[in-house]
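Notes for the one structure printed next.
Protein chains: 2
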Amino acid sequence: MTQHPTGNTPERILDHAERLFALKGFEAVSIREITGAAGSNLAAVNYHFGSKMNLYMEVFRDRWISRTRRIRENFDRLLADKPEPAISTVIDAMARSFLDGPLNDEQLRHHVLLMQGELAQPSTALKMIVEEVMQPYQQQLSDLIRPSLPPGISEEKLRLCILSIFGITLYFTFARAAISMVMERDYDALFKTEVIQHITKFSLNGINTLTEEN
Amino acid sequence: MTQHPTGNTPERILDHAERLFALKGFEAVSIREITGAAGSNLAAVNYHFGSKMNLYMEVFRDRWISRTRRIRENFDRLLADKPEPAISTVIDAMARSFLDGPLNDEQLRHHVLLMQGELAQPSTALKMIVEEVMQPYQQQLSDLIRPSLPPGISEEKLRLCILSIFGITLYFTFARAAISMVMERDYDALFKTEVIQHITKFSLNGINTLTEEN
DNA sequence: GTCTATAGCAGGATAGAC
DNA sequence: GTCTATCCTGCTATAGAC
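Taken in order, these protein sequences are the chains called A and B. Reading the first sequence from the start, the letters are residues 338 to 551 in our numbering. Reading the second sequence from the start, the letters are residues 338 to 551 in our numbering.
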């Protein structure tokens with residue numbers, strides 16, 4: 338028996354499937370690689386999940402969605418005692434809950450890579466991501482920010498700003514290797530804190546576009 | 338003979354390889370699919386390019402790099418008669434040369450998807466992308482913007498801003514399907530012009546972070 | 001629930017005729 | 001330079017013993 342210390346077989350398979358799908362993409366990962374890493378038998382994926390594609394979907398359903406839930410809860414907690422928060426407070430909570438929130442470095446990286454993979458090459462999981470995560474969160478952010486804006490700002494313009502903040506955040510996470518090369522420094526803890534500060538300030542100014550125009 | 342109207346065999350293979358690698362990723366595309374689309378024989382890829390991986394690299398060397406050259410030339414032309422352009426002029430030229438420049442919609446989409454794929458899952462091509470494109474362009478942008486900044490702004494902070502503009506631009510191109518769903522509208526020509534305007538304004542404000550601080 | 005064994009197929013690559 | 005035919009490897013998925 339090659340039982341590993343933590344978790345039963347399906348859990349261990351999900352762990353390694355999440356990591357490998359994130360780092361290499363769906364097609365580039367084989368069932369052999371996943372079960373090998375999980376220390377389980379080759380047939381385990383098909384027994385427990387039915388197919389490779391079902392396993393991939395289960396990674397999103399079971400792991401990815403619950404991670405976003407933890408991030409959202411952290412976000413809500415940061416704004417819990419502020420009924421009408423300033424825009425800067427909202428952006429700060431957004432960035433902090435995501436980049437410096439409940440997920441550790443590796444989890445965040447895998448989380449973003451999985452999402453980014455779906456955004457670039459959509460499969461069945463995209464619908465889930467958009468409907469269960471992106472749309473509700475967009476709506477919440479829009480509702481939080483709008484009271485601080487002058488009247489008449491179009492919903493579309495506000496949403497483009499919110500999407501942009503996600504875009505930057507994603508980019509600084511999934512393009513880590515290239516950014517490290519361009520910046521000519523390691524993507525270490527210190528750099529990460531600088532990136533977080535940058536994203537917050539840059540985005541806050543960016544969203545102020547809305548209050549300036551007209 | 339299944340000779341197609343335009344180009345000889347290697348050219349046609351490069352055409353379809355670029356499109357398919359961009360849309361589906363390296364691993365998800367088979368040589369059979371590429372040669373089938375190009376109307377050439379299965380053995381043609383290995384005869385003309387040696388291997389699938391060499392073909393992928395050649396897509397970057399022959400197509401991707403030359404597309405970036407056209408974008409850079411367009412960028413330079415937009416700033417040709419301005420020896421010390423304002424920051425807003427630089428950003429505008431950046432966004433315009435990229436999003437509304439020499440590449441048509443489909444070319445731009447494939448261009449960005451190829452790049453984004455390498456950034457997320459680096460292969461041998463990343464080094465080429467960073468050294469031949471990202472680093473020189475970063476340097477040029479930094480040199481163009483710096484004269485308009487108060488003294489003492491760190492090179493690092495400026496570079497983070499420039500990277501962020503790329504990040505947003507990439508995001509709005511590669512995540513097209515998801516953005517279309519979140520915005521609840523088609524990603525048509527009208528929407529694209531709105532996105533370009535948004536990116537320009539958002540980024541300009543974002544980069545003004547640098548002049549405000551301290 | 002876990003294992004071995006294998007079916008059945010698709011993939012990259014190559015040899016050799018033309 | 002293009003074609004067919006084929007090799008061989010690796011893949012997903014499943015059947016069936018334990």
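The C-beta atom is built at its ideal place from N, Cα and C for all residues, glycine as well.
Quiz item: Quick one: which chain B residues come within Cβ less than 9 Å of H448 of chain A?
Solution: Your numbering for residue 448 of chain A matches position 111 in the first sequence. Ordered by position in chain B, no residue passes the 9 Å Cβ test against H448 of chain A, which lies about 13 Å from the chain.
Quiz item: Using a beta-carbon distance below 8 Å, is I619 of chain A in contact with chain B?
Solution: Because chain A here runs from 338 to 551, residue 619 of chain A falls outside it and cannot be looked at.
Exercise. Would you decide whether M431 of chain A is buried or exposed? Buried here means 16 or more other CB atoms lie within 10 Å of its CB.
Key: What you label residue 431 of chain A is simply residue 94 of the first sequence in a count that begins at 1. Buried, by the Cβ-count rule.
Self-check item: Nonlocal neighbours in the same chain, by C-beta distance under 7 Å from R356 of chain B, ignoring five residues either side
Solution: As a working mapping, residue 356 of chain B is identified with position 19 in the second sequence. So the list reads H447, once near-sequence residues are dropped.
Self-check item: Run of the alpha helix (DSSP H) containing E370 of chain B, from where it starts to where it stops
Solution: Taking the first residue of the second sequence as 1, we reach residue 370 of chain B at position 33. Counting along the chain, the alpha helix (DSSP H) containing E370 of chain B begins and ends at 368-375.
Quiz item: When you check each C-beta in the stretch 495-506 of chain A against every C-beta of chain B, which residues fall closer than 8 Å?
Solution: R496, L497, C498, L500, S501, F503, G504, I505
Exercise. Can you pull the chain A residues whose beta carbon is under 9 Å from the beta carbon of Y393 of chain B, in chain order?
Key: Position 56 of the second sequence, counting from 1, holds the residue named residue 393 of chain B. Under the 9 Å cutoff, chain A gives no residues; its nearest Cβ is about 13 Å from Y393 of chain B.
Exercise. Say whether chain A places a C-beta atom closer than 8 Å to the C-beta of Q475 of chain B.
Key: If you number the second sequence from 1, residue 475 of chain B lands on position 138. Taking Cβ atoms only, chain A reaches closer than 8 Å to Q475 of chain B, which makes this a yes.
Exercise. Would you tell me roughly how many angstroms separate the C-alpha atoms of A359 of chain A and F397 of chain A, rounded to the nearest one?
Key: As a working mapping, residue 359 of chain A is identified with position 22 in the first sequence. As a working mapping, residue 397 of chain A is identified with position 60 in the first sequence. Looking at the two C-alpha atoms, the distance is approximately 11 Å.
Quiz item: For the ligand SAM, any of its heavy atoms closer than 7 Å to the Cβ of I536 of chain A?
Solution: With respect to the ligand SAM, the structure offers nothing, as it holds no ligand at all.
Practice problem: Determine whether the Cβ of G362 of chain A lies closer than 8 Å to any Cβ atom of chain B. | Solution: Here residue 362 of chain A is taken as the residue at index 25 of the first sequence, counted from 1. So yes, G362 of chain A belongs to the interface.
Quiz prompt | Given 8 Å, three or more beta-carbon pairs between the stretch 383-390 of chain A and the stretch 415-434 of chain A | solution = No, the stretch 383-390 of chain A is not in contact with the stretch 415-434 of chain A.
Quiz item: Fully enclosed by the stretch 476-541 of chain A, which alpha helix (DSSP H) runs are 4 residues long or longer?
Solution: 492-511, 513-520
Exercise. Under 7 Å between beta-carbons, which chain A residues line up against Q472 of chain B? List them in chain order, please.
Key: Looking up residue 472 of chain B in the second sequence gives position 135. Near Q472 of chain B (Cβ distances below 7 Å), the residues of chain A are V519.
Quiz item: In three-state terms, what does DSSP make of G543 of chain A?
Solution: Against the first sequence, residue 543 of chain A aligns to sequence position 206. Secondary structure at G543 of chain A: helix, using DSSP grouped into helix, strand and coil.
Quiz item: Between the stretch 499-512 of chain B and the stretch 502-518 of chain A, do at least 3 Cβ pairs fall closer than 8 Å?
Solution: Result yes; three or more Cβ-Cβ pairs closer than 8 Å.
Exercise. Inspect the beta-carbon positions of N383 of chain A and N542 of chain B and report whether they are closer than 8 Å.
Key: Here residue 383 of chain A corresponds to residue number 46 of the first sequence, with the count starting at 1. Here residue 542 of chain B corresponds to residue number 205 of the second sequence, with the count starting at 1. No, Cβ-Cβ distance for N383 of chain A and N542 of chain B is not below 8 Å.
Practice problem: For L440 of chain A, I'd like the list of residues in its chain whose CB is within less than 8 Å of its CB, leaving aside the five on either flank, ordered along the chain. | Solution: The sequence position of residue 440 of chain A within the first sequence is 103, counting from 1. Same-chain partners within the cutoff: R404, R407, I408, H448.
Quiz item: For the 8 Å Cβ check, are there 3 or more pairs between the stretch 523-533 of chain A and the stretch 520-531 of chain B?
Solution: no
Practice problem: Let me know the secondary structure DSSP gives M338 of chain B once reduced to three states. | Solution: As a working note, residue 338 of chain B is residue 1 in the second sequence. For M338 of chain B, the predicted model reports a pLDDT of 45, less than 50, meaning its position is unreliable and no value from the coordinates is stated.
Practice problem: Could you tell me whether the Cβ of Q340 of chain B comes closer than 8 Å to any Cβ of chain A? | Solution: Your numbering for residue 340 of chain B matches position 3 in the second sequence. Any reading at Q340 of chain B is ruled out, since the residue's pLDDT is 48, under 50, leaving its predicted position unreliable.
Quiz prompt | Local conformation of F363 of chain A per DSSP, three classes | solution = Looking up residue 363 of chain A in the first sequence gives position 26. Of the three classes helix, strand and coil, the one that applies to F363 of chain A here is coil, per DSSP.
Practice problem: Specify, as a first and last residue, the run of the alpha helix (DSSP H) that A432 of chain A falls within. | Solution: Numbered from its first residue, the first sequence carries residue 432 of chain A at position 95. First-last of the alpha helix (DSSP H) with A432 of chain A: 424-436.
Practice problem: Could you list the residues in the stretch 482-493 of chain B with a C-beta less than 9 Å from some C-beta on chain A, going in chain order? | Solution: Identification of residues in the stretch 482-493 of chain B having a C-beta nearer than 9 Å to some C-beta of chain A yields E493, given in sequence order.
Quiz item: To which residues of the same chain is S485 of chain A closer than 7 Å at the C-beta, ignoring the five residues directly before and after it?
Solution: Looking up residue 485 of chain A in the first sequence gives position 148. Excluding residues within five positions, the ones whose Cβ falls inside 7 Å are A423, I424.
Quiz item: First and last residue of the alpha helix (DSSP H) that includes L451 of chain B?
Solution: Translated into the one-based positions of the second sequence, residue 451 of chain B becomes position 114. Per DSSP, the unbroken alpha helix (DSSP H) holding L451 of chain B starts and ends at 442-457.
Practice problem: Indicate the three-state DSSP secondary structure (helix, strand or coil) for L351 of chain B in the structure shown. | Solution: Position 14 of the second sequence, counting from 1, holds the residue named residue 351 of chain B. Of the three classes helix, strand and coil, the one that applies to L351 of chain B here is helix, per DSSP.
Quiz item: Is G454 of chain A buried or exposed, if buried means 16 or more other CB atoms sit within 10 Å of its CB?
Solution: To locate residue 454 of chain A, count along the first sequence from 1; it is residue 117. It is buried - the Cβ of G454 of chain A has at least 16 other Cβ atoms within 10 Å.
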